[in-house]
Amino acid sequence: MINFSVPESVLCHQQITTGDISYVYYTERSNNEKHRVTFNDYAISFVLNGQKKIYRSVENAIVKPGQAILIPAGNSIIAEHGCNDKEYISLVIFFPAKVVVNFLDRHIKTPANKNFAEPKPEYIFFTRTAYLYEYVRSLEEMIRQQQQFSYAVALHKLEELLLLVYELCPQQMIAMFMANKDEQQLSLKRIVENNLFNNLTLTELSFLANRSLSSFKRDFEKTYGISPQKYIRDKKLETASYDLRKGKQASELFVAYGYENLSNFNNAFKKKFGVTPAAFAKVQS
């Protein structure tokens, strides 16, 4: 059984790729062998000729012409073959998780209660509508003509498709996308909490979170309700107050909590608690 990683392993196929979005016209003369496939991005696959059988961790599906499947990132076992002695053909769109999360934020209004009865699906299977037939046909033609898209156009075409799939499978889309969004929020929280006292800059934290600085600040405020600077400063000062209760001196603490000098630490502490560290320690003793 051969191992593949996509979209990296399909670079030799006809495609339109702009940034992190790829529209791939995939052809393969296969004998229905199974292959291990790691999806490094999300993918939507439209089977045009032949059959695709996909095995995920707990579910499997057979996709035939006129049908399509949205596949999350992760590992799959896939077997494909053509029909009538013709090669297997599919149109596959690859895109990263962040596109899905941004799409969810801007286009899908999810309820405040996130305890959905439906679990995160292994995939989303759907049948092509007349609109989707035209969508796929136009993309095939553009790929054959080797047209190139700006990133804005590539993103627009992708979001058009995501909206169409959402109209067909709204509950599954929300379950899949909300799970992904919650995973990203948990990842952000883990990065922040694990590095709270490592005195990393916001730029360094955003790098660890695989975000731009502006995206990190925006996502942080959505998750915590306050700016990252204020949250980190307050958490450090609260922890410093416990150290003062234990008898430590401000002069022992200011460097460990990211302050360049004792005066800055004293001023920040007084601004939060209304008294200097020395006065705070005296009251607590």
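Just so we're aligned, residue 575 is where the sequence shown starts under our numbering, counting upward by one. Each residue gets a CB set at the ideal place from its N, CA and C atoms; glycine is no exception.
Return yes when the Cβ of LYS672 is within less than 8 Å of the Cβ of GLY652, no when it is not. Looking at the sequence provided, one finds Ile at residue 652 rather than Gly. Going by C-beta atoms, ILE652 is not nearer than 8 Å to LYS672.
Hey, which unbroken runs of the beta strand (DSSP E) at 3 residues or more fall wholly within the region 578-620? 588-592, 595-602 and 605-613
ALA815 - DSSP class collapsed to helix/strand/coil: Sequence check: residue 815 is Ser here, not Ala. Three-state result, SER815: helix.
If I'm right that TYR600 touches VAL666 with Cβ under 8 Å, what's the distance once you round it to whole angstroms? 5 Å
Do the CB positions of THR612 and TYR725 come within less than 8 Å of each other? The answer is no: Cβ separation not under 8 Å.
Whole angstroms is fine: what's the gap from MET575's alpha carbon to PHE700's? Those two C-alpha atoms are separated by around 28 Å.
Looking only at its chain, what residues have a beta carbon closer than 7 Å to the beta carbon of GLY624, apart from the 5 residues adjacent to it on each side? Cβ contact annotation for GLY624 (same chain, cutoff 7 Å, sequence separation greater than five): GLU654, HIS655, GLY656, CYS657, TYR662 and ILE663, in chain order.
If contact is defined by three or more beta carbon pairs under 8 Å, each pair taking one atom from either stretch, is the region 614-621 in contact with the region 629-649? yes
Tell me, please, which residues DSSP counts as bridged to HIS655. ASN605 and GLN625
Inter-stretch contact (C-beta, 8 Å, three-pair minimum) for the region 728-743 and the region 767-778: no
DSSP beta-bridge partners for TYR662? GLU602
Measuring alpha carbon to alpha carbon, tell me which residue in ILE590, LYS660 and TYR697 is nearest ALA647. TYR697
Report the residue from VAL580, GLY848 and GLN589 whose alpha carbon sits nearest the alpha carbon of MET716. It is GLN589.
Contact the region 784-804 vs the region 817-836: 3+ CB pairs below 8 Å: no
Beta-bridge pairing of ASN649 - partner residues as DSSP gives them: THR612
Coil, strand or helix - ASN838 by DSSP: Correct three-state label for ASN838: helix.
Considering just the uninterrupted stretch of the alpha helix (DSSP H) at VAL727, what are its terminal residues? 725-742
How is the beta strand (DSSP E) around VAL637 delimited, first residue to last? VAL637 -> beta strand (DSSP E) spans 634-637.
Secondary structure of PHE828, DSSP reduced to three states: coil
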